Amino acid sequence: MLKAMDEIINNLENLSIYLILVNTILTLVLMIVLVSTKSKLKKLNNRYKKFFKNSDDLNVERLVEENIDLCNEILNKNKDIESKINYIERNMLQCVQKVGIVRYNAFDDVGSNLSFAIALLDGNDNGIVLNGIYSRESTTTYAKSIINGQSKYPLSAEEIQAIDIAKKSKIY
1 MLKAMDEIIN
11 NLENLSIYLI
21 LVNTILTLVL
31 MIVLVSTKSK
41 LKKLNNRYKK
51 FFKNSDDLNV
61 ERLVEENIDL
71 CNEILNKNKD
81 IESKINYIER
91 NMLQCVQKVG
101 IVRYNAFDDV
111 GSNLSFAIAL
121 LDGNDNGIVL
131 NGIYSRESTT
141 TYAKSIINGQ
151 SKYPLSAEEI
161 QAIDIAKKSK
171 IY
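Numbering-wise, the sequence shown is residues 1 to 172 according to my numbering.
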């Protein structure tokens, strides 16, 4: 048994240089892996700090939950805003959107085009046309209803012109 032990020790002494060399190479490889891992960890840590720079508590789960709640709140507000915009757009069709104005001289003896016709129409060409006729002795104003761009009352040429101008104006 002693002889076997001596033989093992002898073999180890002969192989010791190789064992030291393998150990040194393994240590160098492990040092390189350690430096690489430390570098990657530092980059990850910097990204983590950058991600949470405005947070006092670095609880990722809590931050994700807060962001999900915030997204849901924003979605609800957007739906509310969209429904209000749709309501406003529907009601806007009934507001005065188109205006046509024609100034004219109703009588030859009165100058400066002091008479006028004004058409005020909504998005569906409904509204009124106002006609103000100026003379030296008096001023008379007439209002006629307009439905779908037409009136059931007889219209003067200036009133028709004012309605046509209003129809051609842009809808906002």
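Glycine included, every Cβ here is placed at the ideal spot set by N, Cα and C.
Computed from a predicted model, the values in this text were never measured in an experiment.
**Prompt:** Going along the chain, which residues of its own chain have a beta-carbon closer than 8 angstroms to the beta-carbon of G149, five neighbours each way excluded?
**Reply:** Sequence-distant Cβ neighbours of G149 in its own chain, meaning closer than 8 angstroms and more than five residues away, are L121, D125, I163 and K167.
**Request:** Measure the alpha-carbon distance for L30 versus M1 and round it to whole angstroms.
**Result:** Per the coordinates, the alpha-carbon of L30 lies some 38 angstroms from the alpha-carbon of M1.
**Item:** Segment contact flag, the segment 89-100 with the segment 59-67, C-beta cutoff 8 angstroms, min 3 pairs
**Value:** No, the segment 89-100 does not touch the segment 59-67.
**Anticipated Cβ contact below 8 angstroms, L155 with K144, distance rounded** = Yes, L155 and K144 are in contact; Cβ-Cβ is about 7 angstroms, under 8 angstroms.
**Message:** Could you tell me the alpha carbon to alpha carbon distance between T139 and I101, rounded to whole angstroms?
**Reply:** About 18 angstroms.
**Prompt:** Can A117 and I146 be called in contact, C-beta distance under 8 angstroms?
**Reply:** One thing to note: A117 has its Cβ no nearer than 8 angstroms to the Cβ of I146.
**Asked** Which first and last residues belong to the beta strand (DSSP E) in which Y196 is found?
**Response** Residue 196 lies beyond the residue range present for the chain, which begins at 1 and ends at 172; the question has no answer from this structure.
**Item:** Buried versus exposed, by CB contacts within 10 Å (16 or more), Y18
**Value:** By the neighbour-count criterion, in which 16 or more other beta carbons inside 10 Å mark a residue as buried, Y18 falls on the exposed side.
**Prompt:** Cα separation between N105 and S151?
**Reply:** Computed Cα separation, rounded: 23 angstroms.
**Asked** DSSP state of V96, grouped into three classes?
**Response** The answer is coil: DSSP assigns V96 none of H, G, I, E or B.
**Prompt:** Going by Cα to Cα distance, which pick from N131, V35 and M5 is closest to E159?
**Reply:** For E159, the closest C-alpha among the options N131, V35 and M5 is that of N131.
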